[in-house]
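Heads up, the thing below is written out as structure tokens.
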Amino acid sequence: MEPLALRNALLAALQPVTTLESRAADGTIGNGLAYGIVTRTGSGAEAWWQMSARTTPESRPTVPALAPEPDLPASGPVATGDIELLLAHALLKAGAVTAARYSTADNPPALKYGVHAEFEDETAAFLQLQWALRSGEEPREHTRNHPRDEV
Numbered sequence: 001m002e003p004l005a006l007r008n009a010l011l012a013a014l015q016p017v018t019t020l021e022s023r024a025a026d027g028t029i030g031n032g033l034a035y036g037i038v039t040r041t042g043s044g045a046e047a048w049w050q051m052s053a054r055t056t057p058e059s060r061p062t063v064p065a066l067a068p069e070p071d072l073p074a075s076g077p078v079a080t081g082d083i084e085l086l087l088a089h090a091l092l093k094a095g096a097v098t099a100a101r102y103s104t105a106d107n108p109p110a111l112k113y114g115v116h117a118e119f120e121d122e123t124a125a126f127l128q129l130q131w132a133l134r135s136g137e138e139p140r141e142h143t144r145n146h147p148r149d150e151v
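Below is the structure:
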């Protein structure tokens with residue numbers, strides 16, 4: 001799946017979640033990063049997610065089943081892991097055949113929060129948390145990849 005099509009499908013899959021606003025962040029995450037989304041909770045906190053894709057086939061890893069889709073509160077703090085889980089479910093709705101969360105992986109990657117999704121056509125997508133910002137905060141390079149467990 002092409003990154004632009006994936007971004008659009010992911011935003012469409014998140015649209016019914018009334019307690020989480022989602023918008024495209026194309027070209028605004030870092031220098032030259034083309035695709036991303038920003039999620040915003042009822043308290044105004046934002047999580048900025050970078051999207052990338054791999055188009056070369058690899059063997060598909062065994063992925064544990066996801067917990068049920070969480071209900072996010074309309075206001076107050078939200079667990080970053082709950083947003084990550086919601087994004088994993090949204091990737092499945094957008095056409096992924098597997099979605100694995102970083103935060104619950106047996107051998108997690110360097111980034112604490114993110115989702116690795118595999119598609120039937122053997123492409124893979126990586127959605128990685130870059131910033132978790134409280135209401136009113138701006139993304140700054142020195143705070144990148146320093147996630148909060150709650151936004």
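In terms of the working numbering, the sequence shown is residues 1 to 151. All C-beta atoms, glycine included, are put in the ideal place defined by N, C-alpha and C. If you're wondering where the values come from, they're calculated on a predicted model, not measured in any experiment.
Going by the DSSP bridge assignment, what does alanine 47 pair with across the sheet?
Bridge partners of alanine 47: Thr39 and Ala132.
Whole angstroms are fine: how far does the CA of asparagine 107 sit from the CA of leucine 14?
Our two residues, leucine 14 and asparagine 107, have alpha carbons roughly 28 Å apart in a direct line.
Could you give the C-beta distance for alanine 124 and alanine 9, rounded to a whole number, given that I count them as a contact under 8 Å?
Not a contact, Cβ separation roughly 15 Å.
The beta strand (DSSP E) that contains arginine 7, what's its start and end?
Careful: arginine 7 lies outside any beta strand (DSSP E), inside the alpha helix (DSSP H) at 3-14.
Spatial neighbours of proline 3 within its chain, please: C-beta separation below 8 Å, excluding the five flanking residues on both sides.
Ala34, Tyr35, Met51, Ser52, Ala53 and Ala125
Fully enclosed by the region 50-101, which alpha helix (DSSP H) runs are 4 residues long or longer?
List check, alpha helix (DSSP H) in window: 80-93.
Glutamate 137, DSSP secondary structure in three states
coil
So threonine 39 packs on isoleucine 83, CB below 8 Å; how close in whole Å?
6 Å
Hey, valine 63 and valine 151 are a contact pair by Cβ (cut 8 Å); roughly how many whole angstroms apart?
About 25 Å; that fails the 8 Å criterion.
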